[in-house]
Amino acid sequence: MGNNFKIHHIVEKNVTNVALVLIGYILFSFGTANQAKAQSIIPKPQRLIQTSGTFKLNSQTKLYTNLKGPEKKLMDSYLTSLPYQFAVGKANEKSDVIRLLIGKLADTEDREAYCLKVTPEVVEIRANTGAGLFYGIQTMFQLGEGVNGLTLNIPCSEVKDEPRFSYRGYELDVSRHFFPKEFILQMLDALAYYKINKFHFHLFDTGGWRIQMKKYPALTEQTAYRTKEDLGDWWGDKNRFCTKDKEGAYGGFYTQDDIREIIAYASARQIEIIPEFDVPGHSRDVLWVYPELACEGTDPRATNSNELCIGNEKTFRFCEDILLELMELFPSNYIHIGGDEANREIWSKCPLCQKRMSEEHIINVADWQNYFTNRIEKFLASHGKSIIGWDEILDGNVSKNAIVMSWREEVSSGSDAIKRGHQVIMSPTSHCYLDYYQDCPYLEPKALLGYTPLKQTYSFEPIPAGTTDKSLVLGVQGNLWTEHISTIEHAEYMTFPRILAIAEVGWTQPELKSFDDFKNRTFIALEYLKNKGFHTFNLRSEFGSRQASLTPVNNLAKGRTVIYLTPYSSSFSGSNETTLTDGWLGNWNANGDRWQGFGGNMDVLIDMEQLTDINAVQASFIFVPTAGEFLPDSIEISASDDGKNFKTLYKKKIISDNTVHFDICNYGWAGKVRARYIRYQALKPINWGDILCDEIIIK
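Offset between the sequence shown (1-based) and the working numbering: plus 155.
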């Protein structure tokens, strides 16, 4: 009997210990889960303290705010769109209440700053403005794992937060491919949730005119639709527009009521809609309807002319009329006027432009474009608006009031703008172009060019090194151009998750950033977005960089001198004279220092410095035909002892398959030869584009 008691006691003790362990584990797991929720916020707050307990938001939760006037109307508009129906609370409410309080924060005047405190009884958000309260609400929702269902469990926390930059933008091109109003509204919800506060609406371009205009109704009647969906097919069809009733017509446009609805929806979510009227280039849609605005000697319906005639005063009247209607529609402080990629040679051949240039004492066409830009800037300034332009506006003497959106490689144009005293929004192709491939192109849907994975976007530092006046950098923007993006699903796939990285680059101080931490938070965000119906990139299955580009290639040519018999392209200079023999293969993108471009024929000599036994010569070329990155038509490899007399080792004709949207192709010779010089010729007679090589490997 004593033994039975002893056995029972031991079992009881073990059960008790197991129970205690289980209880401890459950409590630990609960605490860890709460902490995980608190640590999943994007963008990362400036300070977050985890406390114990949970606030339960449900149908009994009350809401009190001291907001008044227009800010209260905006907040009410937002709150009524949520699935939560809040009862009206009082200022002295002690439990089950959310308090939204305007009042000067102690140590910041930032209009988007907020302080959030969550206890089991009360959620209190304090801010300088309604914008700060809105962002505090977004943090509250992220703590509770999102706007889902009718209840929410919000971990108790204290958050003190404000943005690094005032401008955190997303650009959507709806000219190349039209996206319906409903998609725009859905996207605005997602952008606001991650504290993006500018929506750059690229509405007018060569692909179609997208807003109903009262004074110029023919713009949407004649160019909101085109004959082909695919831009490549459309170019083959001579870029013809058509009316909506034509069979196969592709396109669409927003009525002015649509635009007002979009703006109201965005405003309630603290997002400023910035329209872009891209002039004086990118105007094929305008010239289709009004060919009299083209330069003399060009026929917009027979050529690819996209430039407005600056020498024609009718051009300015037309632009001012359009801008007046845009200003009536869009309350934004900014109007984006484009200014990029204009073919200025057209103006140099136009009699009207040449006459007017002479009268204005303007010599070069870059300054001629800036004559146009400065007139538009003064017109908008007279109506209380500021212009934003792509960084080509820096090519001439543009007004210092113009805000520069820096897009060309890395941050060089941004640095130039800052040195000249301009405010700048950083949006370089190298980090911020969301239409570039985000993973191995062989596995991805068709994109424009380049390779911009999430990690690269996240690594971007918007303030160029050596900047003395950092206040000139307004912020950062991610751009989604849609040449190859025709569906909502594809647009969402290219946007998420990289716009989340843009959000954190724009909001969070650099010393608080960690890519590994951000990536873990992004996994949570992507699950949330998928549950909300978004089609996102699958970050968990990311392939990553081209493996061959990760380790150096040791070969006989490494470090040897390259003699350029044809010059390399300034657009794809790589690392200049060392590119082809630095021992590094390129990644999936042609931008950067790994690939070197040639505007047609590549003809180079590798000097081995002495007679050398050679068994193989090869080189790889990147092929993205839609981006003007072509394969050569022929390859010839030859060898020489003296650099003058050459023996041909290898010849090959290449037939490119332009239905392929991406490839990296290797061409080379294997055998035995003893020589000092190796000549590699890759030939293609082209007027536009480049052939790009990353390395010449000799073994």
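For every residue, glycine included, the Cβ atom is placed at its ideal position computed from N, Cα and C.
{"Item": "Neighbourhood of residue 454 by C-beta, 6 Å cutoff - its chain only, sequence neighbours within 5 removed", "Value": "none"}
{"Item": "Integer-rounded CB distance, given that residue 703 should sit under 8 Å from residue 740", "Value": "5 Å"}
{"Item": "Bounding residues of the alpha helix (DSSP H) (the contiguous stretch that carries residue 520)", "Value": "520-536"}
{"Item": "Any 3 or more C-beta pairs closer than 8 Å across the segment 203-220 and the segment 386-404", "Value": "no"}
{"Item": "CB contact flag (residue 851, residue 785, <9 Å)", "Value": "no"}
{"Item": "CB-CB length for residue 429 against residue 417, believed under 8 Å", "Value": "Not a contact, Cβ separation roughly 12 Å."}
{"Item": "Buried or exposed by the 16-neighbour rule on C-beta atoms within 10 Å, applied to residue 597", "Value": "exposed"}
{"Item": "Contiguous alpha helix (DSSP H) assignments of at least 4 residues, all confined to the segment 628-702", "Value": "643-650, 653-662 and 670-686"}
{"Item": "Bridge partner(s) assigned by DSSP for residue 310", "Value": "209"}
{"Item": "Reduced DSSP secondary structure (H/G/I, E/B, other) of residue 734", "Value": "helix"}
{"Item": "Length of the line joining the Cα atoms of residue 187 and residue 298", "Value": "Summary for residue 187: the model assigns pLDDT 42, below 50, so the residue's position carries little reliability, and this model does not support an answer."}
{"Item": "Alpha-carbon spacing of residue 373 relative to residue 443, whole angstroms", "Value": "10 Å"}
{"Item": "Residue 783 versus residue 816 - alpha carbon distance", "Value": "11 Å"}
{"Item": "Closest by C-alpha distance to residue 439, when choosing among 423, 451, 460 and 421", "Value": "460"}
{"Item": "Enclosing beta strand (DSSP E) for residue 271 [first to last residue]", "Value": "269-273"}
{"Item": "Anticipated Cβ contact below 8 Å, residue 523 with residue 590, distance rounded", "Value": "The Cβ separation is near 30 Å, so there is no contact."}
{"Item": "Own chain, CB closer than 8 Å to residue 631, minus 5 neighbours either side, in chain order", "Value": "320, 322, 323, 324, 580, 581, 582, 587, 615, 617, 657, 660 and 661"}
{"Item": "Simplified DSSP state of residue 197, which is helix, strand or coil", "Value": "coil"}
{"Item": "Test item: CB-CB of residue 332 and residue 433 under 9 Å", "Value": "no"}
{"Item": "Proximal residues to residue 270 (C-beta, below 6 Å), its chain only, five neighbours per side dropped", "Value": "281 and 315"}
{"Item": "Cut-off 6 Å between Cβ atoms - residues of its own chain near residue 543, not counting five sequence neighbours on either side", "Value": "489, 491, 558 and 560"}
{"Item": "Close Cβ partners of residue 505 (< 7 Å) along its chain, the five nearest in sequence each way excluded", "Value": "450, 451, 452, 464 and 466"}
{"Item": "Cβ-based neighbour list, residue 512, same chain, cut-off 6 Å, excluding 5 preceding and 5 following", "Value": "523"}
{"Item": "4 or more residues per run - each alpha helix (DSSP H) lying fully within the segment 451-512", "Value": "468-484 and 500-503"}
{"Item": "Minimum length 4: unbroken alpha helix (DSSP H) runs contained in the segment 824-852", "Value": "none"}
{"Item": "Residue 764, DSSP secondary structure in three states", "Value": "strand"}
{"Item": "As assigned by DSSP and simplified to three states, the class of residue 384", "Value": "coil"}
{"Item": "contact_flag[the segment 227-242, the segment 259-269] where n(CB pairs < 8 Å) is 3 or more", "Value": "no"}
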